[in-house]
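S.K.: Here this note's numbering is used: the first residue of the sequence shown is 19, the next is one more, and so on. Backbone N, C-alpha and C fix where the C-beta goes; we use that ideal spot for every residue, glycine too.
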Amino acid sequence: NFQITVMESPPDLRQVLVTFKSCLTDKHEILMDPYIEGWKGLVRFLNVMGSIFAFISKDAVSKIQIMENFRSSDQKANYVSLQAMVDYELSHGLVDFKKQSDNPISGCRTILRLHRALRWLQLFLEALRTSSPDAKTSVLCCEAYNSSLANYHPWIIRKAATMAFYALPSRDVFFEHMNVGGPNEAVLMLGEALPSIYRVYDITEALYTQHSLLDLP
């Protein structure tokens, strides 16, 4: 099982984002194993900030574990890619379109939660990349959160998240945590690596839209 230890050294964010690039096949499919690996790296990166992003990273860890269980089950071949999973679960009636009942949690629902969190991270990193050196990371993070994950969180979590974001370090310190050099290197790296995250997000969004999966409870 995937566990995060507090003492883990910060990952090289470039390597993490490159992992998402390796998700994509020539046929625009998203391979599950590198997707999961990419998310593990993102969680390690989020945890470098201490408890600020804990409410996001803890949820991501539980979702990663669910997907790893699918990938080690008898049905693992049906979870080799996002597209294979959607086809398999829909054709076998495994997706609960109503309220979570006694049905086991589906891969489609699990990935949807990671997909929403990826949108927040994508918006936040893009805002960091394009912002001025004196921009407040807390404001950038709040704006990214309000445009994405906040839409799916109850008021109490939204309030706690907004408060937590005020503890974020300065833009330059945040870039240091990316482990790729100084601020200029971090901006360049994000410019090169973020398009892969966008591609993964857009393909997932299109697939989920096609099958009416974006609002799974």
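1) Whole angstroms is fine: what's the gap from T222's alpha carbon to H229's?
2) Just to confirm, is the Cβ distance from L146 to A162 under 7 Å?
3) Could you tell me the alpha carbon to alpha carbon distance between V104 and L212, rounded to whole angstroms?
4) Taking Cβ positions, are V76 and R131 nearer each other than 7 Å?
5) What ranges does the alpha helix (DSSP H) occupy inside the segment 101 to 157, keeping only unbroken runs of at least 4 residues that lie completely in it?
6) On the DSSP bridge assignment, give the partners of L42 in chain order.
7) Can you tell me where the alpha helix (DSSP H) holding P201 begins and where it ends?
8) Under 8 Å: do the segment 96 to 112 and the segment 50 to 65 share three or more Cβ pairs, one atom per stretch?
9) Identify every residue that forms a DSSP beta bridge with S99.
10) Compute the beta-carbon to beta-carbon distance between F192 and T148, rounded to the nearest angstrom, for a pair I have assumed lies under 8 Å.
11) Compute the distance between the beta-carbons of L112 and L208, then report whether it is under 7 Å.
12) Where P151 and N87 are concerned, what is the direct C-alpha to C-alpha distance, given to the nearest angstrom?
13) Can you grab the Cα-Cα spacing for the pair C159 / A178, in whole Å?
14) Taking all protein chains shown into account, do 16 or more other C-beta atoms lie within 10 angstroms of the C-beta of N202, making it buried, or fewer, making it exposed?
15) Tell me which residue opens and which closes the alpha helix (DSSP H) that Q83 is part of.
16) Taking all protein chains shown into account, decide if P29 is buried (16 or more other Cβ within 10 angstroms of its Cβ) or exposed.
17) If we count the other Cβ atoms within 10 Å of its Cβ and call it buried at 16 or more, is T23 buried or exposed?
M.R.: Working from what's here:
1) 11 Å
2) no
3) 25 Å
4) Checking the sequence shown, residue 76 turns out to be Lys, not Val. No; because the gap between Cβ atoms is not below 7 Å, this pair is not in contact.
5) 125 to 148
6) I48
7) P201 to Q228
8) yes
9) L49
10) No, F192 and T148 are not in contact; Cβ-Cβ is about 14 Å, not under 8 Å.
11) no
12) 43 Å
13) 13 Å
14) exposed
15) A72 to R89
16) buried
17) In this prediction, T23 scores a pLDDT of 45, lower than 50, which makes its location untrustworthy; no coordinate-derived value is stated.
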